[in-house]
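Residue numbers (numbering that gives the first Met the number 0), protein chains in the order written: chain A, 0 to 365; chain B, 0 to 365. The beta carbon of each residue, even a glycine, is placed where N, CA and C say it ideally should be. Bear in mind that the values here come from a model prediction, so they are computed numbers and not experimental data.
2 protein chains.
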Amino acid sequence: MSISKRIEKIQAQLRRKKINAILITQPHNRRYLSGYSAADHDIGESSGVLLIPARKPPLLLTDFRFQIQAEHEVGDMDVILYPKGLLTLLKKLLPDLGITSLAFESHYTLHSAAEKLQSMADKLSITLIPMDGMVEKMRLIKDEDEIEKIRRSVLLNEKVFQKIYKTIKPGQTEIDIALAIESTMRRKGAEAPSFETITATGKRSALPHAVPGAVKVKKNKPLMIDMGLILDGYCSDMTRTFVPVQASKKYLKIHRLVRKAQLAATREIRAGISAAAVDKVARTIISDAGYGKHFGHALGHGVGLAVHEDPRLSSQNRKHLKAGMIVTIEPGIYLPDWGGVRLENMAVVREDGCEVLNKDTTWLDI
Amino acid sequence: MSISKRIEKIQAQLRRKKINAILITQPHNRRYLSGYSAADHDIGESSGVLLIPARKPPLLLTDFRFQIQAEHEVGDMDVILYPKGLLTLLKKLLPDLGITSLAFESHYTLHSAAEKLQSMADKLSITLIPMDGMVEKMRLIKDEDEIEKIRRSVLLNEKVFQKIYKTIKPGQTEIDIALAIESTMRRKGAEAPSFETITATGKRSALPHAVPGAVKVKKNKPLMIDMGLILDGYCSDMTRTFVPVQASKKYLKIHRLVRKAQLAATREIRAGISAAAVDKVARTIISDAGYGKHFGHALGHGVGLAVHEDPRLSSQNRKHLKAGMIVTIEPGIYLPDWGGVRLENMAVVREDGCEVLNKDTTWLDI
């Protein structure tokens, strides 16, 4: 779907809700609806906002630091600078455009910023409407262009993994490996890692939020690598767990169980099934083997412009999957004082099944 | 100042304002008042909040993923988990603690989150008070312990710079150099870079927000490196500009002018002078030489737990500097189609002058 089609859909929704315009502040939503790829260093330091009137062309509002990038990326869209700040510009622009009701993204606007917006709106007799998730809902379903971009992101991520995997030796530290991964991502053309790379060895692989440390990889201890990158805006996310030289019987048993749960869940995924039902398939296999309480997180999550987005594949999510959603499938077993195994692939939900985007099979079926 | 002293100061302010408690959500403020060092991946994905009652000990509220880290870092402070989310916990905790008025950080709370907090508060007859900058105001003045931490952050950053500086050769790309810097930071014990390292060569050094690209360093073109790291929570920030092999006369002229502006501003800094007056000293030197419109940003900014914080050394900031503030001094001249020179040091404001924290002199006085 082209950006102009996406804008048309938002405009149609605004007209249905009888709202004159919406202010898009969330950076992924802003990129989705304009092509403008700047990130916000911080929610308090915006790189710009997109103003979409219901019946006029959208405008990208930003400051002089981003002018060249914005004009280059947004194509035909007009770029307007706010040398004296966004509010000063809006004060003039909104009345000029005849806007008397304005929606804003409640889930990506600071309370303090909303208060300033409200007092400006009061003075101009503009009705402010907090809105939540309108663009995220559109982003849930990926079209084939987006799926192709995510596929390329997954494949590049695997290429990086395979390159580094060959160089891993006992004695290297978690930090060494994480840095090698992130440098290789950048050298191979990724915009950035999609999250801070996790490399966790030995017992530390049982920590769901391990940060790479100066800890050495051992030949007979599990090593978990959870990595992803951003390519052309779209994220990948993959986990592999393996033992550098010699895996114990216990390791093999747990690894095979996690893989079995992953395969079973993958076979269930299709349009129409509930997210909770997919989670349950994997969870039942792990629970039946006696490790239920050691699988302490949801089975998966959506991936797109954001590395964590809806739908969550969790026991709480009764919603049904739809064709075009992209999810991770990442069961895990974490034993304190021993270590953990997590295996993560990504798949596109299709009408009658799913398409696994990963081609890498390193240590999957051992 | 110990953490308990900081908490006492906040509690005294709460009592003066007749507020029962404050909820601290901003991650640097949370760390400043508890020692808990987790970052928030995103403002929508909090790693915990600090509840400070006016007359009872503070509590750190978080979820099970961060329990071990939180308990390890906060010392005597109680850690309470919220398995069903923060709001569910607060619903019970606030009445238990007898809290009928609660402040929250308006500048680090999403509008959507504030709305949920408000509807909970309404049900419990609790008055919610948006608060802005209470902790930031305390953080403005650094005590000697903090200054020592920042000094060590600056010196480690210089060590990384000096190591990489020796290896720079024409033909390397901006990305190569940026990656080498960031890996070396991590290997030498930094928590992380304090911002994305800027390496900009040739004409690209005239872009204030250059992102490192696959562009090769040339022997006779300027190379600007702006880098900083986080050590023990505290940030450093330094810029050096130089020419790898052979500098032109024009380069030397501009470089010396920028350095002259930096030295003059440094000589002015002391407690009691206005931020605008310091900016003016540097700006006048650059303007008098005919480059005024090519120095398009403020002279400097505060540094501490955040890499950009108050005070801003800008022509707009009429406030007076105080002893214990830490600022950058970073004049620059940017000529489109030629390149730029920026030189940045950090200094502590003292009663009768300032203490420059940088010891590195690479290419400063050429």
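{"Query": "Residues of chain B with CB under 8 Å from Pro-129(A), in chain order?", "Result": "His-110, Ser-111 and Glu-114"}
{"Query": "Indicate the three-state DSSP secondary structure (helix, strand or coil) for Glu-181(A) in the structure shown.", "Result": "helix"}
{"Query": "Identify which residue in Pro-129(B), Ile-125(B), Ile-98(B) and Asp-236(B) has its Cα closest to the Cα of Thr-113(B).", "Result": "Per the sequence shown, residue 113(B) should be read as Ala rather than Thr. Among Pro-129(B), Ile-125(B), Ile-98(B) and Asp-236(B), the Cα nearest to that of Ala-113(B) belongs to Pro-129(B)."}
{"Query": "Looking at Ser-111(A): is its Cβ nearer than 8 Å to the Cβ of His-300(B)?", "Result": "no"}
{"Query": "Between which two residues does the alpha helix (DSSP H) holding Ser-273(B) run?", "Result": "Per DSSP, Ser-273(B) belongs to no alpha helix (DSSP H) and is neither H nor E."}
{"Query": "What beta strand (DSSP E) runs, 3 residues minimum, are completely inside the region 22-78 of chain A?", "Result": "48-52 and 58-61"}
{"Query": "Please specify which runs of the alpha helix (DSSP H), each continuous and at least 4 residues long, are wholly inside the region 172-232 of chain A, giving them in chain order.", "Result": "173-186"}
{"Query": "Give me whichever residues DSSP pairs with Ala-346(B) in a beta bridge.", "Result": "Val-326(B) and Val-355(B)"}
{"Query": "Would you say Arg-366(A) lies against chain B (beta-carbon separation less than 8 Å)?", "Result": "Since the first residue shown for chain A is 0 and the last is 365, residue 366(A) is missing from the structure and cannot be characterised."}
{"Query": "Just mark Phe-241(B) as buried or exposed, buried being the case when its beta carbon has 16 or more other beta carbons within 10 Å.", "Result": "buried"}
{"Query": "State the beta-bridge partners of Arg-239(A) as determined by DSSP.", "Result": "Ile-224(A)"}
{"Query": "Grab me the residues of Asp-236(B)'s own chain with a C-beta within less than 7 Å of its C-beta, minus the 5 sequence neighbours each way, in chain order.", "Result": "Ser-193, Gly-227, Val-302, Val-306, Thr-327, Glu-343 and Met-345"}
{"Query": "Determine the chain B residues that contact His-300(A) at a beta-carbon separation under 9 Å, and present them in chain order.", "Result": "Ordered by position in chain B, no residue passes the 9 Å Cβ test against His-300(A), which lies about 12 Å from the chain."}
{"Query": "Quick check: is the beta carbon of Arg-14(A) nearer than 8 Å to any beta carbon in chain B?", "Result": "no"}
{"Query": "Taking one C-beta from the region 326-340 of chain B and one from the region 54-72 of chain B each time, how about it: are there three or more such pairs within less than 8 Å?", "Result": "no"}
{"Query": "Taking Asp-309(A) as part of the beta strand (DSSP E), name the residues at either end of that continuous run.", "Result": "308-312"}
{"Query": "Hey, how far is the Cα of Asn-19(A) from the Cα of Asp-364(A)?", "Result": "55 Å"}
{"Query": "So Ala-270(A) packs on Ala-322(A), CB below 8 Å; how close in whole Å?", "Result": "4 Å"}
{"Query": "Give me, in chain order, the residues of the same chain whose beta-carbon lies closer than 6 Å to that of Gln-10(A); leave out the 5 immediate sequence neighbours on both sides.", "Result": "Ala-53"}
{"Query": "Can you name the residues of chain B whose CB is closer than 8 Å to the CB of Ile-174(A)?", "Result": "Arg-185 and Arg-186"}
{"Query": "Looking at Leu-312(A) and Leu-298(A), is the spacing between their C-beta atoms short of 8 Å?", "Result": "yes"}
{"Query": "Give a yes or no on whether the C-beta atoms belonging to Val-367(A) and Pro-310(A) are separated by under 8 Å.", "Result": "There is no way to answer for residue 367(A), as the model of chain A reaches only from 0 to 365."}
{"Query": "Answer with yes or no whether the minimum CB distance from Ser-235(B) to chain A is below 8 Å.", "Result": "no"}
{"Query": "Taking 6 Å as the limit between beta carbons, can you name the residues of its chain near Lys-148(A), skipping five residues before and five after?", "Result": "Asp-231 and Tyr-233"}
{"Query": "Which of helix, strand or coil does DSSP assign to Thr-87(A)?", "Result": "helix"}
{"Query": "Can you tell me which of Met-137(B), Leu-101(B) and Ala-191(B) puts its alpha carbon nearest to the alpha carbon of Ser-124(B)?", "Result": "Leu-101(B)"}
{"Query": "For Leu-85(B) and chain A, any beta-carbon pair shorter than 8 Å?", "Result": "no"}
{"Query": "Out of Lys-83(A), Ser-1(A) and Gly-34(A), state which residue places its alpha-carbon closest to the alpha-carbon of Asp-77(A).", "Result": "Gly-34(A)"}
{"Query": "Assuming Leu-256(B) is part of the alpha helix (DSSP H), what are its boundary residues?", "Result": "248-267"}
{"Query": "Straight-line CA distance for Thr-238(B) to Arg-185(A)?", "Result": "23 Å"}
{"Query": "Let me see if you follow: with CB-CB separation under 8 Å, is Leu-92(B) close to chain A or not?", "Result": "no"}
{"Query": "Measuring only between beta-carbons, confirm whether Arg-64(B) sits less than 8 Å from chain A.", "Result": "yes"}
{"Query": "Is the beta carbon of Arg-341(B) sitting closer than 8 Å to the one on Val-257(B)?", "Result": "yes"}
{"Query": "If you measure from the beta carbon of Ser-105(A) to each beta carbon in chain B, is any gap under 8 Å?", "Result": "yes"}
{"Query": "Could one say the Cβ of His-208(B) lies closer than 8 Å to chain A's Cβ atoms, at least one of them?", "Result": "yes"}
{"Query": "With DSSP as the reference, label Pro-169(A) as helix, strand or coil.", "Result": "strand"}
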